[in-house]
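Take a look at the structure below.
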Amino acid sequence: MQEQVSVSHGSSDRSPRVTPSDVVSRARNAAANYEVKNLMDVLYATKAANIGDPIVVEESNRHVLLKIICRERKNQARDEYIKEFIGALLSKSARYPNPRVSVLCCGTVSDNFMILKALW
Numbered sequence: 034m035q036e037q038v039s040v041s042h043g044s045s046d047r048s049p050r051v052t053p054s055d056v057v058s059r060a061r062n063a064a065a066n067y068e069v070k071n072l073m074d075v076l077y078a079t080k081a082a083n084i085g086d087p088i089v090v091e092e093s094n095r096h097v098l099l100k101i102i103c104r105e106r107k108n109q110a111r112d113e114y115i116k117e118f119i120g121a122l123l124s125k126s127a128r129y130p131n132p133r134v135s136v137l138c139c140g141t142v143s144d145n146f147m148i149l150k151a152l153w
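Here the sequence shown stands for residues 34 to 153, where the numbers follow the working numbering.
Given below as structure tokens:
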């Protein structure tokens, strides 16, 4: 069952508060469920985890650009979760030592995509 990750913006609702460290922990724990040997495994895990449909935009020996068509609506917690999930997956492979993942851009809610850059 996939958890819904949302961030409260000071409203009076009774939904549980999600801190940035909670998002990071959840993403890393989710990534631990997948065996990763190469970039294809990262793409498979991203889709299997119901995060979205990943597309490799550019790849080299030192970086990869990924476009992810996201399944969840755009919010800060979602973006951080996906960034940490991809980073945790890459770090499980000896092929991608010490990955650093950053969000380059996000589409509008209607486009619902994001572009990530991972360096190692």
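Even glycine gets a Cβ: it sits at the ideal position worked out from N, Cα and C.
This one's a predicted model, so the numbers in the text were calculated from it and none came from an experiment.
#### Entry: Given residue 56 as reference, the closest of 88, 67 and 118 once Cα atoms are compared
118
### Query
Is the region 87 to 105 in contact with the region 135 to 153, if contact means three or more CB pairs nearer than 8 Å?
yes
### Query
Where do the ends of the alpha helix (DSSP H) carrying residue 150 lie?
Careful: residue 150 lies outside any alpha helix (DSSP H), inside the beta strand (DSSP E) at 146 to 152.
### Message
The alpha helix (DSSP H) that contains residue 113, what's its start and end?
### Response
109 to 124 is the span of the alpha helix (DSSP H), which, as asked, contains residue 113.
### Of the listed residues 98, 116, 91 and 69, nearest to residue 84 (C-alpha basis)
The option with the nearest alpha carbon to residue 84 is 116.
### Query
From residue 75 to residue 69, what does the alpha carbon distance come to, in whole angstroms?
6 Å
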